[in-house]
Amino acid sequence: MRGRTDVILGAQWGDEGKGRVIDVLAAKSGVVVRYQGGANAGHTVVVENEKYVFHLLPSGILYPEKTCVIGNGVVLDPETLFNELDELGKKGKKLAKLIISNGAHIVMPYHKLIDKLAEASRSEGQKIGTTGRGIGPCYSDKFERVGIRAEDLVNPDTLREKLTLNVKLKNELLTKIYNSEPLNFDEIYDKAIEWGKRIKSMLGNSFAEIDDALQSGRNILFEGAQGTLLDVDHGTYPFVTSSSPCSGGACTGSGISPNRIDRVIGVTKAYCTRVGEGPFPTEDNGPLGDMLRNKGGEFGATTGRPRRCGWNDLVAVNYAVKINGINGIALTKLDVLSCFDKIDICTAYDIDGRTEHLFPSSCADLAKARPVFETLPGWKQDISKCRNFEDLPKEAQDYVHFIEERTQTPVVLIGVGPGREDTILCGI
Ligand code: IMP
154 MRGRTDVILG AQWGDEGKGR VIDVLAAKSG VVVRYQGGAN AGHTVVVENE
204 KYVFHLLPSG ILYPEKTCVI GNGVVLDPET LFNELDELGK KGKKLAKLII
254 SNGAHIVMPY HKLIDKLAEA SRSEGQKIGT TGRGIGPCYS DKFERVGIRA
304 EDLVNPDTLR EKLTLNVKLK NELLTKIYNS EPLNFDEIYD KAIEWGKRIK
354 SMLGNSFAEI DDALQSGRNI LFEGAQGTLL DVDHGTYPFV TSSSPCSGGA
404 CTGSGISPNR IDRVIGVTKA YCTRVGEGPF PTEDNGPLGD MLRNKGGEFG
454 ATTGRPRRCG WNDLVAVNYA VKINGINGIA LTKLDVLSCF DKIDICTAYD
504 IDGRTEHLFP SSCADLAKAR PVFETLPGWK QDISKCRNFE DLPKEAQDYV
554 HFIEERTQTP VVLIGVGPGR EDTILCGI
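Residue numbers (our numbering): 154 to 581.
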C-alpha cells in the first residue's frame with residue numbers, strides 16, 4: 154500500500170506556526186519535504202524546552218530515522234544550510250538523512266546584495282519589506298533561465314560558464330544602476346566550489362526519493378514556507394514573496410502529482426500577523442496589537458522585526474481554504490487569547506460601503522477593506538495544560554467551533570503552548 158501524503162501550509166501571511174505542526178506530524182511520517190522558499194523562512198520547533206529555528210532545514214530534521222528533502226522549488230543558501238547543520242552538530246544532535254534536489258537553485262552572494270540594494274532603492278509605498286535573503290533575485294534568475302542549480306556546484310566547468318555569464322550581467326546592474334562595486338569572479342567561484350565539496354554527498358534526485366518512499370508505504374509531509382497570502386500568484390501582489398507557498402507549489406516544487414496529495418492542512422494562528430509591507434485589514438496599531446505581539450512573542454524568527462498584529466480574519470482564511478483545498482485546519486497559539494475578556498473575529502469586509510465575504514483579487518481593494526467583526530466571549534483561564542478538546546473551557550471550544558462553521562472545515566490540531574507536547578490532536 155502506498156504511503157499517505159499531507160501538505161502543511163500557511164493559511165495567512167506566514168509565521169502561523171507551521172514548524173511546530175510539522176514537527177508533531179513528522180512523528181507519523183517517513184519523509185519531510187520543503188518545496189519552496191528559502192532562508193527567508195523561520196520555522197520554530199521547541200523540543201524538550203530547547204528552541205530551534207530552522208530557516209532551510211525541513212522541520213523533520215530532528216528525527217534521525219526520517220528522511221528530509223529540500224525540493225527543486227527551494228532556493229538554497231549554502232551558507233545558511235551549513236550553519237544550521239553545524240549548530241545541530243555542535244549540540245550532538247542525531248539528524249534525519251538529508252537529500253537536496255539537484256535542481257534546487259542556489260542563492261549566490263550577489264542575490265542577497267541585489268535584494269538589499271533593490272529594496273533600498275524603492276520609494277516609500279513601494280517597499281516590500283523583504284527579508285534580504287536574496288529570494289526574489291534568485292527566483293528571477295531561475296525564471297530568466299540563467300540560475301545556478303545545486304548540481305552545478307559539483308561541476309566546475311558548468312559552474313565557471315554559468316558564473317561568468319551571471320557576473321557579467323550582475324556587474325552591469327551593480328555598477329550602472331546601483332552605483333555599486335563590481336563583483337569579484339574568483340572569490341565567488343572559489344566559494345561555490347567549496348560549497349560543492351560539502352554539498353556533494355547530499356545531492357540527489359529528490360523526485361525519485363519521494364516516489365520510492367511513497368511506493369514503499371512511507372508517509373510524506375510537504376512543508377510549506379511563508380503563507381497563502383504571500384504567494385506570488387494568489388497573494389497580495391506585489392507585497393508577496395517570489396515563490397508558491399500554496400498547495401500547487403508542493404507539486405511544482407517537489408514533483409508530486411496533484412492526484413497523489415491526500416490531505417492539505419492549513420495552519421492559522423488564533424489571531425493574525427504580518428511582517429513586511431502590504432495591506433492587512435485586521436491590523437491593530439493600538440494596545441490590542443501590542444498585547445498580541447507581547448503575549449504571542451510576535452517578533453520575526455528570521456529578521457527579529459516586530460510583527461504587525463490583529464484579530465483573526467476568516468475572509469482571508471476562507472480564501473486560503475479554497476485556493477489550497479484545505480481539508481483540515483491546524484489552529485495555533487490559542488493560549489495567547491486566554492487573557493482577553495472578549496475576542497473579535499473578522500467575518501466580512503466593508504469595501505466602499507459594500508459588505509464583501511470574498512477576499513478581493515486586487516491589492517488596492519484589499520487596502521480599502523475595513524474588517525466587519527463578530528464578537529465572542531473570552532475564557533480568561535490558562536489552557537496550556539489542556540491535552541483533549543473536552544479539557545478546553547466552553548468559550549474556547551465555542552471559538553474553535555465558530556471557525557469550523559464559518560470555514561466549513563474541521564479543526565484537526567490546536568496549539569496551546571510552544572512545546573511539542575502542548576498540542577490537542579482532534580482528528581489528525
Ligand atoms: P522575501 O521573501 O524576503 O522576498 O520577502 C517578501 C515578503 O514576504 C516580505 O513582506 C517578507 O516579510 C515576507 N516573508 C518572507 N518570508 C516570510 C516568512 O517566513 N514569514 C513571514 N513573512 C515572510
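The beta carbon of each residue, even a glycine, is placed where N, CA and C say it ideally should be.
If you're wondering where the values come from, they're calculated on a predicted model, not measured in any experiment.
When DSSP labels each residue in this structure, what does asparagine 465 get in the three-state scheme? Residue state, collapsed to three classes: strand.
Check: Does the beta-carbon of valine 299 have 16 or more other beta-carbons within 10 angstroms, so that it is buried, or is it exposed?
Finding: A residue is called buried when at least 16 other Cβ atoms come within 10 angstroms of its Cβ; valine 299 does not meet this threshold and is exposed.
>> In this structure, how does DSSP classify isoleucine 330 when only helix, strand and coil are distinguished?
In response: Here isoleucine 330 sits in helix by DSSP.
- Where does isoleucine 288 land, buried or exposed, given buried means 16+ other C-beta within 10 angstroms? Around the beta-carbon of isoleucine 288, 16 or more other beta-carbon atoms lie within 10 Å, marking it buried.
Taking a contact to mean a Cβ-Cβ separation below 7 Å, would you say aspartate 466 touches threonine 485 in this structure? Not in contact: aspartate 466 and threonine 485 (Cβ atoms no closer than 7 Å).
### Residue nearest to proline 262 in terms of C-alpha spacing, selected from Ile281, Leu241, Glu232, Val393
Here the closest residue by C-alpha is Glu232.
Given this structure, state the Cα-to-Cα distance separating lysine 171 from glycine 349, to the nearest angstrom. Roughly 30 Å separates the two Cα atoms.
Can you name, in chain order, every residue of its own chain whose Cβ lies under 7 Å from the Cβ of aspartate 384, other than the five neighbours on each side?
Contacts found: Val393, Ser397, Pro398, Cys399.
Query raised in the report: By the 10 Å Cβ neighbour count, where 16 or more other Cβ atoms means buried, how is leucine 316 classified, buried or exposed?
Result: Leucine 316 is buried by the Cβ-count criterion.
Can aspartate 384 be considered in contact with the ligand IMP, in the sense that its beta carbon sits closer than 6 Å to one or more heavy atoms?
For the ligand IMP, not one heavy atom lies less than 6 Å from the Cβ of aspartate 384.
Glycine 357 by DSSP, collapsed to three states: which one? Collapsing the DSSP output to three states places glycine 357 in a strand.
Mark leucine 373 as exposed unless 16 or more other C-beta atoms lie within 10 angstroms of its C-beta, in which case mark it buried.
-> Here the sequence assigns isoleucine to residue 373, which means leucine is not the residue at that position. Under this definition isoleucine 373 is a buried residue.
- prompt: Can you check whether the CB of tyrosine 188 is closer than 7 Å to the CB of serine 515?
  reply: No, Cβ-Cβ distance for serine 515 and tyrosine 188 is not below 7 Å.
- Cα separation between aspartate 386 and lysine 533? A direct Cα-to-Cα measurement between aspartate 386 and lysine 533 gives close to 40 Å.
key: As assigned by DSSP and simplified to three states, the class of histidine 510   = Under the three-state reduction of DSSP, histidine 510 is assigned to coil, being neither helix nor strand.
Inset, instruction - Could you please give the first and the last residue of the uninterrupted beta strand (DSSP E) stretch that includes proline 530? - result: Segment 523 to 530, the beta strand (DSSP E) holding proline 530.
task = Note down, one range per segment and in chain order, each alpha helix (DSSP H) of at least 4 residues found wholly within the stretch 248 to 287.
result = Taking only runs of at least 4 residues, the alpha helix (DSSP H) segments lying wholly in the stretch 248 to 287 are 262 to 274.
- prompt: Just checking, does the stretch 213 to 223 make contact with the stretch 347 to 362 on the three C-beta pairs under 8 Å criterion?
  reply: With the rule of 3 Cβ pairs closer than 8 Å, the stretch 213 to 223 counts as touching the stretch 347 to 362.
Margin query: Can you give me the C-alpha to C-alpha distance between phenylalanine 542 and glutamine 550, rounded to a whole angstrom?
Written below: Each residue's alpha carbon lies about 7 Å from the other.
If you follow the alpha helix (DSSP H) that aspartate 339 is part of, which residue opens it and which one closes it? Looking at the DSSP string, the run of the alpha helix (DSSP H) that includes aspartate 339 is 338 to 352.
**Asked** Taking all protein chains shown into account, do 16 or more other C-beta atoms lie within 10 angstroms of the C-beta of leucine 306, making it buried, or fewer, making it exposed?
**Response** By the neighbour-count rule (16 or more Cβ atoms within 10 Å), leucine 306 is buried.
- prompt: Using CA coordinates, which residue listed in Arg371, Val198, Ser369, Gly213 is at the minimum distance from valine 185?
  reply: Closest by alpha carbon: Gly213.
Using DSSP's beta-bridge definition, name the partner residues of glycine 163.
Note: glycine 163 sits in a beta bridge opposite Val420.
Notebook entry, point to check: Do glutamate 272 and threonine 283 have their CB atoms nearer than 7 Å?
Noted result: Yes.
- Task: Kindly indicate which three-state DSSP category phenylalanine 207 falls into: helix, strand or coil?
- Result: DSSP, read as helix, strand or coil, puts phenylalanine 207 in strand.
Query - Option nearest leucine 327 by Cα separation, candidates Leu270, Gly245, Gly431 - result: Here the closest residue by C-alpha is Leu270.
Give a yes or no on whether the C-beta atoms belonging to arginine 460 and glutamate 451 are separated by under 7 Å.
-> With contacts defined by Cβ atoms closer than 7 Å, arginine 460 and glutamate 451 form a contacting pair.
Q.
In this structure, how does DSSP classify histidine 554 when only helix, strand and coil are distinguished?
A. Correct three-state label for histidine 554: helix.
Please determine, among Tyr342, Asp343, Lys323, Lys344, the residue with the shortest C-alpha to C-alpha distance to glutamate 334. With distances taken between CA atoms, glutamate 334 lies nearest to Lys323 out of Tyr342, Asp343, Lys323, Lys344.
Point to revise | Simplified DSSP assignment, three categories, for isoleucine 496 | key: Three-state DSSP puts isoleucine 496 in a strand.
In chain order, which continuous runs of the alpha helix (DSSP H) of length 4 or greater are located wholly inside the stretch 367 to 391? Counting only runs of 4 or more residues that sit fully inside the stretch 367 to 391, no alpha helix (DSSP H) segment turns up.
Quiz item: Alpha carbon to alpha carbon, what distance is there between phenylalanine 526 and isoleucine 114?
Solution: Residue 114 lies beyond the range of the chain shown here (154 to 581); nothing can be said about it.
- Query: Got a sec, what are the start and stop residues for the alpha helix (DSSP H) isoleucine 175 sits in?
  - Reply: Its alpha helix (DSSP H) spans residues 171 to 179.
* Following the continuous alpha helix (DSSP H) through cysteine 404, name the residue where it begins and the one where it ends. => Start and end: 400 to 405.
inquiry  = According to DSSP, simplified to helix, strand and coil, what is phenylalanine 542?
reply    = Reduced to three states, the DSSP call for phenylalanine 542 is helix.
> So does serine 202 have its beta carbon nearer than 6 Å to some heavy atom of the ligand IMP?
Replying inline: Serine is not the amino acid found at residue 202; the sequence shown has asparagine there. With a cut-off of 6 Å, the C-beta of asparagine 202 is classified as distant from the ligand IMP, since no heavy atom of the ligand falls inside that distance.
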